[in-house]
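Comments concern the structure below.
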Amino acid sequence: MEIREITNKERWDDFLNNQLYTIFVQSSSYANFFKAMGENTWFFGIFEKDKLLGGSLVASTHAKRGDFLFLPYGPIFDQKMSYEKTQELLKTFFDYLKNFAKEKKYDFIRVSPFIEDTKENKKLFTKLGFLSSPMHILAENTWILDITKSEEVLLMDMKKNHRNLIRRCEKKGVKIKKERNIDGLKEFNKIHDETAKRHNFHRFSDKYVEKEFKEFSKNDQSLIFKSFLPDGRLDSSSIIMFYGNMAAYRHSGSLSLDNKLPTSYLLQWEAIKEAKKRGIKYYNFWGVAPENSKKKHPFRGITHFKKGFGGFSLDLIHCMDLKINNKYYLTWIIEYIRKIKRGF
59 MEIREITNKE RWDDFLNNQL YTIFVQSSSY ANFFKAMGEN TWFFGIFEKD KLLGGSLVAS
119 THAKRGDFLF LPYGPIFDQK MSYEKTQELL KTFFDYLKNF AKEKKYDFIR VSPFIEDTKE
179 NKKLFTKLGF LSSPMHILAE NTWILDITKS EEVLLMDMKK NHRNLIRRCE KKGVKIKKER
239 NIDGLKEFNK IHDETAKRHN FHRFSDKYVE KEFKEFSKND QSLIFKSFLP DGRLDSSSII
299 MFYGNMAAYR HSGSLSLDNK LPTSYLLQWE AIKEAKKRGI KYYNFWGVAP ENSKKKHPFR
359 GITHFKKGFG GFSLDLIHCM DLKINNKYYL TWIIEYIRKI KRGF
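First residue of the sequence shown? That's 59 in our numbering, and the numbers climb one at a time after it.
See the structure below:
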């Protein structure tokens with residue numbers, strides 16, 4: 059087996075699109091987003107002769123608390139491989155990446171694998187010396203809906219309250235608008251700000267949201283959804299990503315101007331229908347609060363909303379770190395304090 063950099067990004071995207079779940083944060087477009095944010099990116103693949111068995115997008119992250127390499131929902135290996143084969147590939151892959159990180163003078167390697175949270179899967183990383191990270195970066199308790207069913211069946215599979223609120227919004231004249239123009243983010247960011255303050259969660263910066271949206275909108279892989287009350291007032295807005303066989307509910311905000319017409323329900327239904335039109339198989343509602351979470355968990359409020367559309371939970375391995383030098387411990391302390399402050 060051989061590790062080498064993948065310079066043909068289309069080859070990596072092809073590999074990614076042949077997996078069970080296609081993850082937009084591992085795509086070549088996301089690499090371009092990282093570059094727009096001033097970071098470096100690489101695609102490293104593990105090959106057996108010329109056959110690509112797996113790999114990952116690797117992005118640099120420079121912060122006051124330390125410089126590290128980040129693998130967003132990576133690495134990704136062909137799911138058809140055995141546990142033993144995956145273990146072998148992981149060791150080979152991270153032996154290479156550890157040397158690369160030392161050479162480039164990074165303090166640690168951080169991974170958020172899109173792998174189910176099981177004892178066996180955790181062992182794959184702990185045996186390689188990975189430590190549990192004090193913070194998560196990407197959603198780890200996710201909620202996914204199979205949208206290959208008909209619209210009628212999807213509606214019937216929802217909670218009755220969700221179905222009724224969607225129909226009420228339609229009947230009362232709530233309007234949903236889809237936008238591709240980046241100018242539409244101005245209104246979205248205002249709603250996003252107000253929602254974050256009201257529900258006390260840490261939101262991505264305007265710059266982050268705009269550059270991410272801009273990169274994916276080039277290939278018609280991102281849309282801004284806006285919902286308007288019958289009197290024309292903008293009430294809620296969401297950014298939905300479309301990549302491969304999965305759509306993702308990425309960013310959202312709501313003003314809740316009319317309690318009798320919660321427009322977010324119809325907005326999500328329209329986003330699901332848009333994904334169906336594109337031939338997408340899964341709708342990823344992104345993060346939810348884990349079972350038995352604390353009352354102050356930032357996702358507690360939104361979890362009931364997301365789960366009411368039907369679907370299934372997919373709990374992923376917690377974010378993990380591979381220490382390269384002792385500067386990592388300073389990062390650990392800073393992030394642990396942040397975790398407590400944010401209620402996770």
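Note that the Cβ used here is the ideal one computed from N, Cα and C, for glycine as well.
Throw me the rounded Cβ distance for the residue i and residue j pair, which I believe falls under 8 Å.
i	j	result
asparagine 199	aspartate 72	The Cβ separation is near 30 Å, so there is no contact.
isoleucine 375	isoleucine 240	That belief does not hold up - the Cβ atoms of isoleucine 375 and isoleucine 240 are roughly 34 Å apart, past 8 Å.
leucine 127	phenylalanine 152	Actually they are not in contact, since the Cβ atoms of leucine 127 and phenylalanine 152 sit about 11 Å apart, beyond 8 Å.
glutamate 97	tyrosine 141	About 33 Å separates the two Cβ atoms, so there is no contact after all.
tyrosine 307	phenylalanine 343	5 Å
serine 275	arginine 238	6 Å
threonine 389	glycine 124	4 Å
phenylalanine 262	histidine 309	7 Å
glutamate 273	alanine 94	6 Å
I'd like to check one pair, residue j with residue i: are the Cβ atoms closer than 8 Å?
i	j	result
leucine 203	glycine 369	yes
tyrosine 341	isoleucine 134	no
methionine 59	phenylalanine 183	no
isoleucine 338	aspartate 165	no
valine 232	leucine 319	yes
isoleucine 104	threonine 150	yes
glutamate 252	leucine 313	yes
leucine 74	serine 85	yes
isoleucine 395	glycine 311	no
tyrosine 88	leucine 129	no
tryptophan 201	serine 371	yes
isoleucine 167	lysine 160	no
phenylalanine 367	histidine 220	yes
isoleucine 224	tyrosine 154	no
Can you name, in chain order, every residue of its own chain whose Cβ lies under 7 Å from the Cβ of residue i, other than the five neighbours on each side?
i	result
phenylalanine 283	Ile234, Lys236, Ser295, Ser296, Ile298, Leu325, Glu328, Ala329
Which residues in the same chain as residue i place their Cβ atom closer than 6 Å to its Cβ, once the five residues preceding and following it in sequence are excluded?
i	result
phenylalanine 92	Thr99, Ala117
isoleucine 81	Tyr131, Phe172
leucine 148	Leu182
proline 348	Asn199
serine 403	Nothing can be reported for residue 403: it is not among the residues displayed for the chain, which extend from 59 to 402.
tyrosine 270	For clarity, residue 270 is glutamate in the given sequence; the question names tyrosine instead. Excluding sequence neighbours, glutamate 270 sits near Phe91.
aspartate 215	Gly368
Kindly list the residues whose CB is nearer than 8 Å to the CB of residue i, restricted to its own chain and excluding five residues on each side of it in sequence; keep chain order.
i	result
asparagine 303	Asn75, Tyr79, Thr80, Ile338, Lys339, Tyr340
leucine 287	Val232, Asp293, Leu315, Asp316, Leu319, Thr321
asparagine 277	Ser87
lysine 180	Ile375
Please determine if the stretch 187–195 and the stretch 357–371 are in contact, where contact requires at least 3 C-beta pairs separated by less than 8 Å. no
Using 8 Å as the threshold, is the stretch 241–258 in touch with the stretch 378–395, meaning 3 or more CB pairs across them? no
Alpha helix (DSSP H) runs wholly inside the stretch 126–213, at least 4 long, in chain order: Taken in chain order, the complete alpha helix (DSSP H) segments of 4 residues or longer contained in the stretch 126–213 are 141–161, 177–184.
Hey, which unbroken runs of the beta strand (DSSP E) at 3 residues or more fall wholly within the stretch 255–319? 280–286, 292–301, 304–312
Inside the stretch 317–363 only - alpha helix (DSSP H) runs reaching at least 4 residues: 322–335
Ignoring anything shorter than 3 residues or poking outside the stretch 368–401, list the beta strand (DSSP E) runs there in chain order. 370–373, 378–381
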